[in-house]
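Remarks on the structure that follows.
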Amino acid sequence: MYTVFLLAAHGNGLQGLLETMSRTGLSCLFGSDLSQVAEAAESGHTNMDAVVLDVASFRPVECQDIVASCRNLKVPLLAVVPTEGLADYDPSMNPDEFIVNPMEQDELLARLKQAIFRVSGPTGGQLLKVGDLVIDLEKYDVMMAGRRVSLTYKEFQLLVMLASNPGRVYSRDVLLSQVWGYDYLGGTRTVDVHVRRLRSKIEDPDHSFIETIWNVGYRFRESR
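Printed below as a string of structure tokens:
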């Protein structure tokens with residue numbers, strides 16, 4: 001089950017929140033200061049899956065700062081908004097997910113899973129993860145920074161082959177034979193076209209994965 005950090009002030013219905021999360025089966029840490037979240041996220045000793053923010057415990061500007069900090073830490077955040085505060089809810093806070101309190105246990109778990117999925121992508125044993133890129137080998141899904149990427153089957157095969165062996169240089173001939181088969185008549189230009197399309201879908205100015213080795217082929221960058 002998930003481990004969450006409940007960021008809330010003492011009082012303010014805190015005990016009810018803790019009891020609801022406990023009944024849901026969540027393992028819960030508690031703190032009232034953003035620095036405690038950063039310490040938990042960066043310590044490596046705590047497997048913290050998400051932050052649950054009690055919006056009623058903080059001023060709006062503080063909530064926005066907390067959301068921004070969790071985004072920088074790449075920690076999913078679920079905002080708990082009290083029913084009486086819905087009219088004043090500021091959508092610019094833009095948490096990964098939010099839920100209205102009082103809440104149902106099943107809804108809490110579902111929204112928590114949604115927040116984690118948006119930030120971390122799918123979870124499971126058949127995954128390749130390289131920074132913000134997540135490749136689900138079982139479901140043929142690719143997520144980039146929480147956004148699902150639509151790939152053709154050949155693009156997916158090409159990506160898996162390169163990402164499975166970062167640093168290894170593949171010639172165009174090897175990629176052609178392994179992904180398309182020895183009897184494919186399209187020529188090595190097919191590889192270049194598919195790499196270009198693949199890059200356009202998974203790369204941006206902040207993310208570069210596939211490196212061209214001139215006159216040879218391609219390799220997937222090793223994580224730094």
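1 is the number of the first residue of the sequence shown in the working numbering; add one for each residue after it. Quick reminder that beta carbons are idealized off the backbone N, C-alpha and C, glycines included.
Distance, residue j Cα to residue i Cα
i, j, result
"Y250", "K74", "The structure shown does not extend to residue 250, since the chain spans only 1 to 224, so no value can be given for it."
"S86", "V4", "It is Leu, not Ser, that sits at residue 86 in the sequence shown. Their backbone Cα atoms lie some 23 Å apart in a straight line."
"F220", "I210", "5 Å"
"R189", "L176", "9 Å"
"A40", "V179", "43 Å"
"A145", "A115", "13 Å"
"L18", "C63", "20 Å"
Residue environment, residue i, which counts as buried when at least 16 other CB atoms sit within 10 Å
i, result
"H45", "Caution applies to H45, whose pLDDT of 45 falls short of 50 and renders its modelled position unreliable; the model cannot decide the point."
"E97", "buried"
"V193", "exposed"
"A9", "exposed"
"G140", "According to the sequence shown, residue 140 is Tyr rather than Gly. Y140 comes out exposed."
"G217", "buried"
"N285", "The requested residue 285 does not occur in the structure, where the chain is confined to residues 1 to 224."
"E155", "buried"
"N101", "buried"
"D204", "exposed"
"H207", "exposed"
Reference residue i; option with closest CA among the options
i, options, result
"V149", "A163, L158, V134", "V134"
"S57", "A41, L14, Y89", "L14"
"L34", "M21, L6, S22", "L6"
"L78", "N72, D132, L109", "L109"
"V67", "A38, E84, T83", "A38"
"V191", "M143, S208, L162", "L162"
query: Between the segment 152–168 and the segment 90–98, are three or more C-beta pairs nearer than 8 Å?
result: no
task: With a floor of 3 residues, list each beta strand (DSSP E) that falls wholly inside the segment 129–187, ordered by position along the chain.
output: 133–136, 141–144, 147–149, 169–171
message: My parser needs the alpha helix (DSSP H) runs of 4 or more residues fully inside the segment 49–78; what are they?
response: 60–73
message: Threshold first: 3 residues or longer. Then list the beta strand (DSSP E) segments lying entirely within the segment 80–122, N to C.
response: 97–101
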